[in-house]
Amino acid sequence: MKTNHLSRRQFLQWSAMASGALALSACAPAAAPAGGGQAATEGGAAAAPATEGKVVTYWYNWSNLDPALAQIIETEEWKAHVGDLTLDYKGSVNDEALLTSIAGGAPPDCHSNHDYPNLFSRGAAIPVQDMVATSSIVKKEAMLDWAWEYAFFDGQMIGVPGIESYVQWGMDYNTDAATKAGLDPAAPPTTWSGVMEWHQALTKKDNAGNLLQMGLDPGDAMGGDVDYGAASFGVTWYDEKTKEFRLDDERVAAYLSTAAEFIKFAGPDQFAGMRQVQGNGGWGAAFEAGVQTMIIEGYWHPGETMINKPETGQFNQATWAPQSDDRKDVKAQAVNAHFVQILKEGKNPEGSFKLGEFFNTVTACDIIFKQVGWIHPLKEFIPTIDANTYPGLKFYIDSEKEATEWHLLRRCPIHWFVKTQLDEIRDLIARDQMTASDGAAELQKRALEEFEAQGLAS
Amino acid sequence: MAVATASGNQRQVRGMSRQEKRNQLLGLLFIAPWLIGFIGLAVIPLGMSLYYSLTRYDLISAPRFIGLGNYVRLFTNDPDFWKVIGNTFYYVLLGVPIGASVAFLIANLLNTDIKGRAIFRSIIYIPTIVPAVCTAMVWLFLLNTQFGAINGLLKAFEWPTIPFLSSPGLSKPTLIMIYVWAQGSAVVIYLAALQDVPRSLYEAATVDGANAWHKFWNITIPLCTPVILFNSIIGFIGAFQEFTLPWLLTQGGPAKSTELYVMNLYRNAFVQLSMGKASAMAWILLVIIVVFTAILFSTSARWVYYGGEK
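See below:
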């Protein structure tokens, strides 16, 4: 009698064919899901889009915008503005993730808080002046002049201005710590030597010399940025028009020397230890924790500190960011607008523009201010802000009218390269491994070589 | 088809039969998934990386061919290249031998007949399975100059704190200490090798009057040399590519004292938008690792005992 059975060879053959078929089917493109997608859960990306073109993907490098966006997309104004468009947003997206998505050909439609001039100058983003020209919301006369001007790079509008764009420089300090150190919180210093005196009074060590509290970390937040450091001594280190670098200026060396003194006073190893706790570069964490009592940050500091750590935020006050002694009467302020920058390979530029437009409404500005503490310089919105909402905010709002010197920030395509080199060189000077003038010369040399190596010199 | 043999006679060589061809095709079909993966995920990226190393490429615009420009720049003009090479060699040349030695000694201890041996073995292996981010957070909690547990204890006695990760002089040794702490997988491999050593050799040595040290030096170590070689090679390869822990703990600081090679490669690629230079760094690293491995293999004949015929 013939017995039907599967031989081992046949079993293996059939298994192999079935596995191959499964593998091939897994490679097939996924079918589009039925129904429309809706807004994101807090901190996450939205549901899958209904149809292509009805979703706009938006990535940003902030961790605290999510609650504001979640509220914005629930408003009637948003729904009326965008219709059935779904916003798929994702926060805490760092530069590497965005770059990889661009390189991989699958970028989001738009982004914020990444290197705007760099991405635009390399062709990853599209100019938006034509879209803005037809907009009834995004208008030059609707926002403060500098916010509009900042959106232009090489004569093109590189993003839709509309989010987290206000004054960038102020020195925030903890009034409680100042009082306990015998300082007058109503008379804060505005020169580097004055700030050094406060730093010395506010830096506390125990009997064994261990750092318990520090005054100012010159490498933290906006204070550590090369734009501020050079400008505080009267130097514009990069000329956007001529592409000239001036990092070897003797006044840059003077800044490096001054900054190094702050580190030396507290102790370089102790400083490094403090910075490691705050995530090796996370802004404001040490101030919020109460171990750093002065910080050079921007207008967002009072709001963010109050929202994140009210126990510290309640003692916050702000004054002019320090200048060199010969510039003691200068009231320097800076702008650095953020945009919704539309990426060239994105699928929904129109949807992206609608998002950028909506950020220019009072509704969006109000929600973002209350949820995150950020301001967009919409003329219609600024007067509605209660300057006393967050301790220290009044300085920033008043500074916009009182400033005598203005700077545009981060206009150099290799800004972040120079910043990382500055951090290293400042540390070396603080550890007496390099002189300040050698440091400035080295910084200039590295910047020029990198600029040329990246093909930006021509 | 006829071919001539050495004796001058011709012999018939037949082509593959239908069944043999079928078998060959089936074999290829079985390995096809792996082959596709290997070509798509290894060979092609390797080739592209080699190409990018000869270009100026910023991930956004198209790569521009510049020949050996990236390599020349790295060796002659890069502000960080030699520093990260020095840091990495320090880490590797100290960390791997120390790690291997400590792992071997621990394996010997775990190979003894002690109570709770299984628990000790599990404890030793735990660092290997803890995610790197958790490991980093734990060590930061322990070692931070201001708020770490160890320094907290010192502060309680009003003693100066130890800047484990914030002093350029101590940061690399601290990283090596953490590396050695995580040698659980090497311990497990050594343990397996130790249990393969024939007991009869130890008994014979005892009869001949050998003490514990003699047995360890003349029996245990020689018979474990193949595994020591294996762990050394794996250790060197891994240590040269170290990234996660230093990145999380120190970000390369203080003063770039813990900036290792792969960290700098990453910065070049994604922060400085120099993917071409980063690709060149990757190929240089490959050459370094191949040279190291070749040196280990070529010297192994002198110190590795294989037991069977050579």
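If you read the protein sequences in the order shown, they are chains A and B. Numbering-wise (the numbering used here), the first sequence opens with residue 3 and increments by one. Numbering-wise (the numbering used here), the second sequence opens with residue 3 and increments by one. Just so you know, even glycine gets a beta-carbon here, dropped at the ideal spot from N, CA and C.
Check, Outcome
"Span separating the alpha-carbon of glutamine 456 of chain A from that of isoleucine 87 of chain B", "23 Å"
"Rounded distance between the beta-carbons of isoleucine 139 of chain A and threonine 391 of chain A, thought under 8 Å", "With a Cβ gap of about 25 Å, threonine 391 of chain A and isoleucine 139 of chain A do not count as contacting."
"Proximity winner among A:Lys56, A:Asp328 and A:Thr136, relative to lysine 349 of chain A (alpha-carbon distances)", "A:Lys56"
"Under the three-state DSSP convention, the category glutamate 299 of chain A falls into", "strand"
"Endpoints, beta strand (DSSP E) assigned at serine 114 of chain A", "112 to 114"
"At least 3 beta-carbon pairs within less than 8 Å: the region 151 to 166 of chain B vs the region 196 to 203 of chain B", "no"
"Cutoff 8 Å: alanine 256 of chain A Cβ touching any chain B Cβ", "no"
"Same chain, Cβ closer than 8 Å to leucine 2 of chain B, neighbours up to 5 away in sequence not counted", "Missing from the structure shown is residue 2 of chain B; chain B here goes from 3 to 312 and no further."
"Cβ of valine 74 of chain B within 8 Å of any chain A Cβ", "no"
"Cutoff 8 Å: glycine 275 of chain A Cβ touching any chain B Cβ", "yes"
"Own chain residues within Cβ distance below 7 Å of serine 173 of chain B, not counting five before or after", "Leu167, Thr252, Pro256, Ser259 and Thr260"
"Per DSSP, the bridge partner or partners of glutamate 407 of chain A", "A:Ala334"
"For histidine 340 of chain A, the three-state DSSP class (helix, strand or coil)", "strand"
"For lysine 330 of chain A and threonine 192 of chain A, believed in contact at Cβ under 8 Å, the rounded distance", "7 Å"
"Min CB distance arginine 413 of chain A to chain B below 8 Å", "no"
"6 Å Cβ shell around aspartate 327 of chain A - same chain, five flanking residues per side excluded", "Thr193 and Ser195"
"Per DSSP, the bridge partner or partners of leucine 96 of chain B", "According to DSSP, which records beta bridges pairwise, leucine 96 of chain B is partnered with nothing at all."
"Cβ of phenylalanine 419 of chain A within 8 Å of any chain B Cβ", "yes"
"Closer than 8 Å to chain B by CB, alanine 455 of chain A", "yes"
"Counterpart residues of leucine 218 of chain A in DSSP-defined beta bridges", "A:Met296"
"Alpha carbon of glutamate 461 of chain A to alpha carbon of proline 220 of chain A, nearest angstrom", "Outside the displayed range of chain A (3 to 460) lies residue 461 of chain A, so it cannot be described from this structure."
"Interface partners of lysine 258 of chain B on chain A, CB under 7 Å", "Glu426"
"Interface partners of arginine 58 of chain B on chain A, CB under 9 Å", "Ala455, Gln456 and Gly457"
"Backbone CA spacing between leucine 111 of chain B and tyrosine 127 of chain B [nearest angstrom]", "14 Å"
"DSSP three-state assignment for arginine 58 of chain B, whether helix, strand or coil", "strand"
"Proximity below 8 Å, CB of valine 228 of chain A to CB of alanine 442 of chain A", "no"
"Strand pairing of asparagine 318 of chain A, partner residues [DSSP]", "A:Asn176"
"C-alpha distance - glycine 375 of chain A paired with leucine 193 of chain B, whole-angstrom precision", "58 Å"
"Contact with chain A by phenylalanine 272 of chain B, beta-carbon distance below 8 Å", "yes"
"Residue of A:Asp241, A:Gly225 and A:Ser94 minimising C-alpha distance to serine 234 of chain A", "A:Gly225"
"Chain A contact for glycine 17 of chain B (CB, 8 Å cutoff)", "no"
"Residues that DSSP places opposite glutamine 158 of chain A in a beta bridge", "A:Phe155"
"Boundaries (first-last residue) of the alpha helix (DSSP H) holding valine 135 of chain B", "134 to 145"
"Under 9 Å (Cβ pairs) to chain B, residues found in the region 195 to 223 of chain A", "Asp208, Asn209, Ala210, Gly211, Asn212, Leu213 and Leu214"
"Beta-carbon proximity check, alanine 203 of chain A vs leucine 214 of chain A, cutoff 8 Å", "no"
"CB contact below 8 Å: glutamine 272 of chain A versus chain B", "yes"
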